[in-house]
Structures are given as structure tokens and as C-alpha cells.
Amino acid sequence: MTEVLFLEHVDDDLLKFAAVVSRYQGKWVLCRQKDRDLYTVPGGRRKDGENIEETARRGLYEGTGAARFRMAPVCVYAVREGAGSQTYGMLYYAEIQEFFAAPGGGSERVASFDALPENLADPLVQPKLIQRAGKAGFGPA
């Protein structure tokens, strides 16, 4: 079973991912994965030498083409698969003001939604990240 935990802090070197819950003109912004009819929150895996905020900014830009946005940290999250180890990430929230064309990163197309679609890439994790951002005062609760 997949479990999502929300934490105040972990050592920076444990943060491997950034997820950016995003909105544009009052709608959720999600990325459609290449070759799959699944949507995901923008973000990505941390590269060597990158701080976690840079990961979030890069993931938002590469995934959506966001040119101007306001972004704020929400909290650390951990994903645990069964009795296995945890993977840590940093959750951010972004209000997008303007888009460039997406530079061809990991997503095929960007879509905006009034409500979350059912075909999320990870339906056990993504809705919890979005709900947590809302509970923290970002976007609708």
C-alpha cells in the first residue's frame, strides 16, 4: 500500500523530487505524460548540484512552459511503498501568470481543469499533494 506523509523538515540531501501544485486563472494545471493518457502535477527529479527550489522551477517550466509565476514552498512529503523505504520530496504551490511554449520536456501537453481528472498518473499520491497544498492555504481548500 502506498502511504503519503507530510513533514516539517528533513535533511536537504534526502529531497529527491519536487512537485508543484499549480493553478492558472483559477484552474488546476496538469501535464499529460508522453504516450499515456495520464495527467500529473508538474515537477521532477532533482539533478546533481541543483537545490530543490531549482528543481521545482525547472520542472514547472519544462512541464508546462510557465514563463511567469509565483511559487512558494508548502512542505516536505514522503512516499512509502508498503514496508519499503521512503522517498522524500518538496511540495510547492505556484500561481502561473503567463506561459511560453513548453520546451519539450517530459509532458506532451498541458491542460487546465476546474476539477481534478480521474486519469491521474499516480492516483494514490497526486490528489493528496493537491489537498495538502489547499489545507496550507494555497488554492482552494
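Numbered as in numbering that gives the first Met the number 0, the sequence shown ends at 140 without a single skipped number. C-beta atoms are modelled at their ideal positions from N, C-alpha and C, and glycine is treated no differently.
(1) Would you mind working out which of LYS46, ALA66, ALA71 and HIS8 sits nearest ALA135, comparing C-alpha positions?
(2) Indicate the three-state DSSP secondary structure (helix, strand or coil) for GLY62 in the structure shown.
(3) Leaving out the 5 sequence neighbours to the left and right, which residues in its chain are closer than 7 Å to GLY88 when beta-carbon positions are compared?
(4) Report the rounded CA-to-CA distance for HIS8 versus ALA65, giving the unit in angstroms.
(5) Could you check the C-alpha separation between ASP121 and PHE99 for me, to the nearest Å?
(6) Quick check on DSSP: helix, strand or coil for LYS33?
(7) Please report the straight-line C-alpha distance between ASP36 and ALA114, rounded to a whole angstrom.
(8) Let me check one thing: in DSSP terms, what residues is ILE95 bridge-paired to?
Short version:
(1) With respect to the C-alpha of ALA135, the residue from LYS46, ALA66, ALA71 and HIS8 having the closest C-alpha is ALA71.
(2) Looking at GLY62 - three-state DSSP - the assignment turns out to be helix.
(3) Excluding residues within five positions, the ones whose Cβ falls inside 7 Å are LEU14, LYS15, PHE16, ALA17, ALA18 and TYR76.
(4) Whole-angstrom Cα-Cα distance: 28 Å.
(5) When rounded, the distance between both Cα atoms is 27 Å.
(6) Coil, per DSSP.
(7) Rounded to the nearest angstrom, the gap between the Cα atoms of ASP36 and ALA114 is 17 Å.
(8) Its beta-bridge partners are PHE68.
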